[in-house]
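Colleague: Those protein sequences? They're chains V and H, same order as listed. Using this note's numbering, you'd call the opening residue of the first sequence number 1 and step up by one each time. Using this note's numbering, you'd call the opening residue of the second sequence number 1001 and step up by one each time. Sharing a structure with you now.
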Amino acid sequence: MRMVKGTPASESQKGLKSSLVSQNYFLPCSCSADRDMEVILPDAANFRFSTSVVSVDLLTSEIVRLRLARPSGFQYHPGQYITLYNAEGTGRTYSLASTPVLDPFLELHIRLVPNGIVSSWVHKQLTVGDTVSISEAIGNCFYMADNPDQSLLLVGTGSGLAPLYGIVRDALHHAHQGIIKLYHGSGTMAGIYLQQELNQLAKNHNNVEYTACVSRISQATELDAGVVHGRATAIALQHNPRMSGWRAYICGEPKMVNDTSRALFLAGVSLKDVYSDPFIHSKP
Amino acid sequence: MSEQSLYDQIGGEAAVDAAVDIFYRKVLADDRISQFFEDVDMERQAAKQKSFLTVAFGGPNNYTGKDMRDGHAHLVTRGLNDSHFDAVMEHLGATLKELNVPDELIAKAAAIAESTRNDVLGR
């Protein structure tokens, strides 16, 4: 559970990941109360905010970038996610690619799902200035400034780049010193986006490396310069066969997240250092 | 003076934390048994491995024979047998050895783990 009023006793936070501890998550089974506390269920997003559309841009044929005004009082860590509601109240969760200190807006990367209720609505109907409703930010896949020298590996597929983009920029904002390696994968070039921004980040920061990976190619496929053929996880492991002491962030399809978690664990990443966010699909 | 518990002698929760990565990595890398972990959720499984080690180390737990039985029943139908249980026992011993736990304590932990065999294998 998560305590929204009061601070959990450290005894009740034993064994939890540091990103959960910092958000006042605790284990009710080992928490004894000596004063009043207010708690909510772990996945409950407590508040809703009303906000307006700043921009809607089609980045590739598969990905729309939606920027929303950041409502006053809206707190978040880059990499956490929110639920975006359409006018009928149908909601879908999207990760935050923006960074509160660097961006005045909230940025979401929305994959266009065929017949997707919310993604189609964003793409076809939303225009600048429209009012939309969002939940508060939740989730524990975000940068922790507790070990600035640790090597970071970030692996994401499709719009799983959104949280990772937020996390990389957040880490750099916190002057992270360890190496940061980002692998973004997609079946086709249509899922590869933000290349320019990421190449620029890598150019500006010696400790940042960015690799885009495309897994399905035919003879006719033209890969952009710097794009590698293969699956992101496989390429990441090829480049970094031993990763003990690293911290890993993995975002994308649930199966890819689980398989990658296992592969990175076997390559030496400690279980407590695996942060992941499986994107679970809603039925269209 | 009462004798220190096995759990405390091995090193308590810190020992479990140190052991879980080493132990689970050995299990997943072992072709004899890795098939049973193919599609399991890594995070949930890690918590279960931690519970298992806590039990084996004689630590505080709420596990019953029925939990062990129910939790492994679907694996028994997939062919889980003594040879797989033996493999896990091997990794438990090797993990503790790697952490420099004295032999007599390893033997005690192994005996506790061994006591779950019939429940795990649904006998």
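Ideal Cβ placement from N, Cα and C applies to all residues, glycine included.
In chain order, what residues of the stretch 1035-1062 of chain H put their CB closer than 7 Å to some CB of chain V?
Modeller: Here the close residues are 1041, 1042, 1046.
Colleague: Using 8 Å as the Cβ pair cut-off and three pairs as the minimum, do the stretch 1078-1093 of chain H and the stretch 1021-1035 of chain H touch?
Modeller: Short answer: they touch.
Colleague: Below 9 Å on C-beta distance, what does residue 265 of chain V contact in chain H?
Modeller: Position 265 of the first sequence, counted from the first residue, corresponds to residue 265 of chain V. What residue 265 of chain V touches in chain H: 1021, 1024, 1025, 1028, 1042, 1046.
Colleague: Once the 5 residues before and after residue 71 of chain V are set aside, which same chain residues still bring their CB inside 6 Å of it?
Modeller: One-based indexing of the first sequence puts residue 71 of chain V at position 71. Closer than 6 Å at Cβ, skipping near neighbours: 49, 51.
Colleague: Could you spell out the range, first to last residue, of the alpha helix (DSSP H) harbouring residue 68 of chain V?
Modeller: Taking the first sequence and counting its residues from 1, the one referred to as residue 68 of chain V is at position 68. It is not in any alpha helix (DSSP H) - residue 68 of chain V instead sits in the beta strand (DSSP E) that spans 63-69.
Colleague: Please check if any C-beta of chain H sits within less than 8 Å of the C-beta of residue 261 of chain V.
Modeller: Along the first sequence, read from residue 1 onward, the residue named residue 261 of chain V stands at position 261. Chain H, which has a Cβ nearer than 8 Å to the Cβ of residue 261 of chain V, makes this yes.
Colleague: Does the stretch 186-204 of chain V come into contact with the stretch 129-139 of chain V, if we say contact requires no fewer than three beta-carbon pairs (one atom in each stretch) closer than 8 Å?
Modeller: Verdict: no, contact absent.
Colleague: Could you tell me the distance, in whole angstroms, from the CA atom of residue 90 of chain V to the CA atom of residue 83 of chain V?
Modeller: Numbered from its first residue, the first sequence carries residue 90 of chain V at position 90. Numbered from its first residue, the first sequence carries residue 83 of chain V at position 83. Cα to Cα, the separation comes out at about 9 Å.
Colleague: Just to confirm the assignment, what range does the alpha helix (DSSP H) spanning residue 1112 of chain H have?
Modeller: The residue you call residue 1112 of chain H lines up with position 112 of the second sequence. It spans 1103-1114 - the alpha helix (DSSP H) in which residue 1112 of chain H sits, taken as one unbroken run.
Colleague: Which one of V/161, V/157, V/109, V/96 has the shortest CA to CA distance from residue 136 of chain V?
Modeller: Reading the first sequence from its first residue, position 136 is the one you call residue 136 of chain V. If we check each option's Cα against that of residue 136 of chain V, V/96 comes out closest.
Colleague: What separation, rounded to the nearest whole angstrom, lies between the Cα atoms of residue 1001 of chain H and residue 81 of chain V?
Modeller: Along the second sequence, one-based indexing puts residue 1001 of chain H at 1. Along the first sequence, one-based indexing puts residue 81 of chain V at 81. At residue 1001 of chain H the pLDDT is 46, less than 50, meaning the model places this residue with poor confidence and gives no usable figure here.
Colleague: Alpha carbon to alpha carbon, how far is residue 163 of chain V from residue 1037 of chain H?
Modeller: On the first sequence, position 163 is the one that residue 163 of chain V refers to. On the second sequence, position 37 is the one that residue 1037 of chain H refers to. If I take the Cα positions, the gap works out to 28 Å.
Colleague: Using alpha carbons as the reference points, say which of V/152, V/184, V/261 lies closest to residue 161 of chain V.
Modeller: Taking the first residue of the first sequence as position 1, residue 161 of chain V is located at position 161. For the residues V/152, V/184, V/261, the minimum Cα distance to residue 161 of chain V belongs to V/184.
Colleague: Name the chain H residues that come within less than 8 Å of residue 270 of chain V, Cβ to Cβ?
Modeller: One-based indexing of the first sequence puts residue 270 of chain V at position 270. The contacting residues are 1021.
Colleague: Tell me the rounded alpha-carbon separation between residue 230 of chain V and residue 1119 of chain H.
Modeller: The count along the first sequence starts at 1 and reaches residue 230 of chain V at position 230. The count along the second sequence starts at 1 and reaches residue 1119 of chain H at position 119. Whole-angstrom Cα-Cα distance: 44 Å.
Colleague: So the alpha helix (DSSP H) residue 1007 of chain H belongs to, where does it begin and stop?
Modeller: As a first step, residue 1007 of chain H must be located in the second sequence, where it is residue number 7. That run of the alpha helix (DSSP H) goes 1006-1010.
Colleague: Strictly under 8 Å for the Cβ-Cβ distance: is residue 258 of chain V near chain H by that measure?
Modeller: Reading the first sequence from its first residue, position 258 is the one you call residue 258 of chain V. Judged by the 8 Å Cβ criterion, residue 258 of chain V is in contact with chain H.
Colleague: From residue 223 of chain V to residue 87 of chain V, what does the alpha carbon distance come to, in whole angstroms?
Modeller: As a working mapping, residue 223 of chain V is identified with position 223 in the first sequence. As a working mapping, residue 87 of chain V is identified with position 87 in the first sequence. Going from the Cα of residue 223 of chain V to the Cα of residue 87 of chain V covers about 39 Å.
Colleague: Helix, strand or coil for residue 278 of chain V, going by three-state DSSP, please let me know.
Modeller: The count along the first sequence starts at 1 and reaches residue 278 of chain V at position 278. The answer is strand: DSSP assigns residue 278 of chain V an E or B state.
Colleague: Counting pairs of beta carbons, one from the stretch 165-177 of chain V and one from the stretch 95-111 of chain V, are three or more of them closer than 8 Å?
Modeller: With a cut-off of 8 Å, the stretch 95-111 of chain V and the stretch 165-177 of chain V count as touching, because enough Cβ pairs lie within range.
Colleague: Do three or more CB pairs link the stretch 248-267 of chain V to the stretch 62-71 of chain V at distances below 8 Å?
Modeller: No: fewer than three Cβ pairs fall under 8 Å.
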